[in-house]
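Numbering (the numbering used here), first residue to last: 7 to 428.
Even for Gly, the Cβ is constructed at its ideal location relative to N, Cα and C.
Heads up, the thing below is written out as structure tokens.
Take a look at the structure:
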């Protein structure tokens, strides 16, 4: 609805949704660079989108919607600063220069505002979880609830974490810039984690009905490339860039035209983007020239096993299992353990994988992905009744419509007569 209560046309609504996804992070990052105030930047950006909701249905979508939003957000920031005592110095400069003051200069050679934002959020004075959470909130426009789900914490906990992180940046006077080269290593782990989570949210949009958010995936790939440019000798930066390229190469085949998740073994490999595959493999080879092999490189190696196999039957599951063994030693997370269990099942049989899933369940890991994996292995083992029960449990625990459609399809294949897919 517009500000006067009239409905927004589908064309304008689609334009607003697209622009929000593409421009939120850039507008917020630019305002933070100008004003140095996180809350002011987010609130003024939100006000700009509210104004667009009122004016675009009447005046039409502007030719450069991102520039329109940035101008509107900046004007709102100026109005806010004019009413605040703390804004007097900035307004005096504004009267002379005609624009808000720039952020602190830096000599990094990286002028991208969003990358500066990530490095600012990833200052070592902040706790690791706070760094990543704040960067995700500001860069992507994800809600506090969505980020809380990504970290498996209550929304109230995440809200407090974000407030404390912003206060810490303000009180400590943390500068908005990419740090000099000798300080980059202390922030690398957090920066890569942010980009990885942005890509994951784009690759599997856990926050809504869409399975895929290409805008976030593209943004993560772009940022990963910038980090490689900034830190060409960091093998994990190259590993992450390779991983995003190899995973995104399969994006067009991950969902059917009617919105159903397509598992990897059923995807049309002729539609995979071979240009992205080649670029990812090249980046992976460059990363491998360094002695250290970290988690992002290992995940990229696993992705490479999939995209280089001519058919699903040719997949080297024994090698994938070995790579997951190495990954689990470095990242002992339930997600890695789950993926390793599936790899073991594909290599050694479904019963071997089910045994590993039982271990996960005994340790309290029992989300919808575990139930979906269990259902798939039970189906492969021919235990139809148990598989159907597991599919029903997984259905009850996920809200992602693409995943739900896939689970319903599998359940229907088990409970209705007719040919079944492999």
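Span separating the alpha-carbon of residue 263 from that of residue 185: In this structure, the CA atom of residue 263 is about 45 Å from the CA atom of residue 185.
Residue 127 classed as buried or exposed, judged by whether at least 16 other C-beta atoms fall within 10 angstroms: Flag for residue 127 reads buried.
Enclosing alpha helix (DSSP H) for residue 345 [first to last residue]: Run containing residue 345: 340–354, per the alpha helix (DSSP H) assignment.
Residue 307 in three-state terms, based on DSSP: Correct three-state label for residue 307: helix.
Residue 232, DSSP secondary structure in three states: When secondary structure is reduced to three states using DSSP, residue 232 falls in the helix class.
Among 303, 275 and 411, nearest to residue 248 - alpha-carbon criterion: Ranking 303, 275 and 411 by Cα distance to residue 248 puts 303 first.
Residue 237 (DSSP reduced to helix, strand or coil): Per DSSP, reduced to three states, the secondary structure at residue 237 is coil, with no helix or strand assignment.
Bounding residues of the alpha helix (DSSP H) (the contiguous stretch that carries residue 397): Note, residue 397: alpha helix (DSSP H), 390–403.
Through-space distance from residue 199 to residue 179, alpha-carbon basis: Cα to Cα, the separation comes out at about 24 Å.
Residue 89 Cβ short of 7 Å to the ligand ADP heavy atom set: Ligands are entirely absent from the displayed structure, and the ligand ADP is therefore not among its contents.
Delimiting residues of the alpha helix (DSSP H) encompassing residue 328: Run containing residue 328: 323–336, per the alpha helix (DSSP H) assignment.
Same chain only: Cβ atoms within 8 Å of residue 31, ignoring 5 sequence neighbours per side: Setting aside the 5 residues that flank it on each side, residue 31 is surrounded in the same chain by 120, 123, 144, 145, 146, 147 and 225, each with a C-beta closer than 8 Å to its C-beta; the list follows chain order.
Straight-line gap, residue 408 to residue 63 (C-alpha atoms, nearest Å): Our two residues, residue 408 and residue 63, have alpha carbons roughly 31 Å apart in a direct line.
Residue from 313, 395 and 359 whose Cα sits closest to the Cα of residue 277: The shortest Cα separation from residue 277 among 313, 395 and 359 belongs to 313.
Local conformation of residue 22 per DSSP, three classes: In the structure shown, the three-state DSSP call for residue 22 is helix.
Length-filtered (4 minimum) alpha helix (DSSP H) runs lying within the stretch 47–85: If we require 4 residues or more, the stretch 47–85 turns out to have no alpha helix (DSSP H) run fully inside it.
Sub-8 Å separation of residue 167 and residue 135 beta-carbons: Yes. Within cutoff.
8 Å Cβ cutoff met for residue 390 and residue 366: With contacts defined as CB atoms closer than 8 Å, residue 390 and residue 366 fail to qualify as a contacting pair.
For residue 33 and residue 440, the rounded distance between their alpha carbons: Residue 440 falls outside the range modelled here, since the chain spans only 7 to 428, and no answer is possible.
Residues that DSSP places opposite residue 267 in a beta bridge: Answer is 261.
Cβ contact (3+ pairs, closer than 8 Å) linking the stretch 257–275 and the stretch 284–304: No contact exists between the stretch 257–275 and the stretch 284–304.
Unbroken alpha helix (DSSP H) run spanning residue 159, endpoints: Counting along the chain, residue 159 falls outside any alpha helix (DSSP H), and DSSP gives it neither H nor E.
Neighbourhood of residue 398 by C-beta, 8 Å cutoff - its chain only, sequence neighbours within 5 removed: Cβ within range, chain order: 417.
Opening and closing residue of the alpha helix (DSSP H) in which residue 384 lies: Counting along the chain, the unbroken alpha helix (DSSP H) around residue 384 starts and ends at 374–386.
Simplified DSSP state of residue 221, which is helix, strand or coil: For residue 221, the three-state secondary structure derived from DSSP is helix.
DSSP three-state assignment for residue 88, whether helix, strand or coil: Of the three classes helix, strand and coil, the one that applies to residue 88 here is helix, per DSSP.
Closest by C-alpha distance to residue 181, when choosing among 414, 344 and 44: For the residues 414, 344 and 44, the minimum Cα distance to residue 181 belongs to 44.
Contact the stretch 376–383 vs the stretch 400–407: 3+ CB pairs below 8 Å: As far as the Cβ criterion goes, the stretch 376–383 touches the stretch 400–407, which means the pair count is three or higher.
Beta-carbon gap between residue 171 and residue 140 smaller than 8 Å: Their beta carbons are under 8 Å apart, which means residue 171 touches residue 140 by this criterion.
Within 8 Å, strictly: CB atoms of residue 347 and residue 362: Yes, they are a contact pair.
Close Cβ partners of residue 360 (< 6 Å) along its chain, the five nearest in sequence each way excluded: Sequence-distant Cβ neighbours of residue 360 in its own chain, meaning closer than 6 Å and more than five residues away, are 383.
Nearest-angstrom Cα separation, counted from residue 388 out to residue 36: Within the model, the alpha-carbon separation for residue 36 versus residue 388 is close to 56 Å.
Residue 87 versus 42, 177 and 161, residue with shortest Cα-Cα distance: Nearest of 42, 177 and 161 to residue 87, Cα basis: 42.
Residues near residue 311 by beta carbon distance below 7 Å, same chain, minus five either side: Within the same chain, 321, 322, 325 and 326 come within 7 Å of residue 311 by CB-CB distance, once the 5 residues on both sides are set aside.
Proximal residues to residue 356 (C-beta, below 8 Å), its chain only, five neighbours per side dropped: Once the five neighbours on either side are set aside, the close Cβ partners of residue 356 are 383, 384, 386 and 387.
Residues near residue 230 by beta carbon distance below 6 Å, same chain, minus five either side: Excluding sequence neighbours, residue 230 sits near 201, 246, 247 and 250.
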